[in-house]
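FYI, the numbering for the sequence shown is 5 to 154, going by my numbering.
Below you'll find the structure, written out as structure tokens, and then a few comments.
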Amino acid sequence: MEATLTKKDGKVQMDKSFEFMCSALRNGEYTVTIKRKTQPRTLNQNALMWKWFQCIGACLREYTGEEYWSTADGVQDIHDLYCKKFLVKQVHVNGKVETIVRGTSKLNTLEMHNFMESVKIDAATEFGITLPLPEDQHYLDFIHEYQSRY
């Protein structure tokens with residue numbers, strides 16, 4: 005059984021009575037864990053990320069002369085490369101270390117923010133590109149530039 009706990013102004017409220025929840029349990033020992041509720045990445049975060057990857061693709065096309073980087077497949081590869089760079093974790097399976105690369109679809113809003121911040125810093129460092137945020141001066145110009153590329 006789950007309940008949503010909300011703390012506001014120092015006061016805690018639950019959407020279900022704790023006593024009711026306990027009354028539904030069988031006899032035995034239990035562990036209660038409280039974890040912060042997170043929201044999945046937003047559609048706006050996702051849309052901006054893909055615009056950024058289109059911009060990076062255009063830069064790579066100019067730099068390498070390869071049209072591929074401005075195609076949908078090239079932009080997908082940029083996404084995958086950044087996932088490999090910033091969303092990697094090591095796990096132990098049967099005594100061996102395996103590398104897991106996460107995608108962006110299951111990130112929460114904070115994880116997506118951190119991923120995009122890493123991409124933004126990398127693009128500035130590696131390519132000299134300033135990727136804009138919605139509050140930036142030239143954001144709308146940027147969006148219009150990459151609006152209907154693919």
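Ideal placement from N, C-alpha and C gives every residue a C-beta, glycine not left out.
Since this is a predicted model, take the numbers as computed values, not measurements.
Inter-residue Cα distance where the pair is residue i and residue j
i, j, result
"Asp77", "His83", "10 Å"
"Leu64", "Gly99", "40 Å"
"Gln151", "Glu23", "53 Å"
"Ser27", "Gln49", "42 Å"
"Lys41", "Leu111", "13 Å"
"Lys11", "Thr37", "16 Å"
"Ser122", "Gly32", "46 Å"
"Lys20", "Ala7", "6 Å"
"Lys89", "Thr35", "37 Å"
Cβ separation of residue i and residue j, assumed to be a contact under 8 Å, to the nearest whole Å
i, j, result
"Leu135", "Ala127", "5 Å"
"Gln94", "Thr103", "6 Å"
"Leu91", "Phe119", "6 Å"
Boundaries (first-last residue) of the beta strand (DSSP E) holding residue i
i, result
"Lys15", "15 to 18"
"Leu9", "9 to 12"
Contact test: residue i Cβ vs the ligand NAP heavy atom, cutoff 7 Å
i, result
"Glu102", "Looking at this structure, you won't find the ligand NAP or any other ligand, since it has none at all."
Start-to-end residues for the alpha helix (DSSP H) that takes in residue i
i, result
"Tyr67", "47 to 68"
"Ser27", "22 to 27"
Problem set entry | 3 or more residues per run - each beta strand (DSSP E) lying fully within the segment 89 to 144 | 92 to 97, 100 to 105
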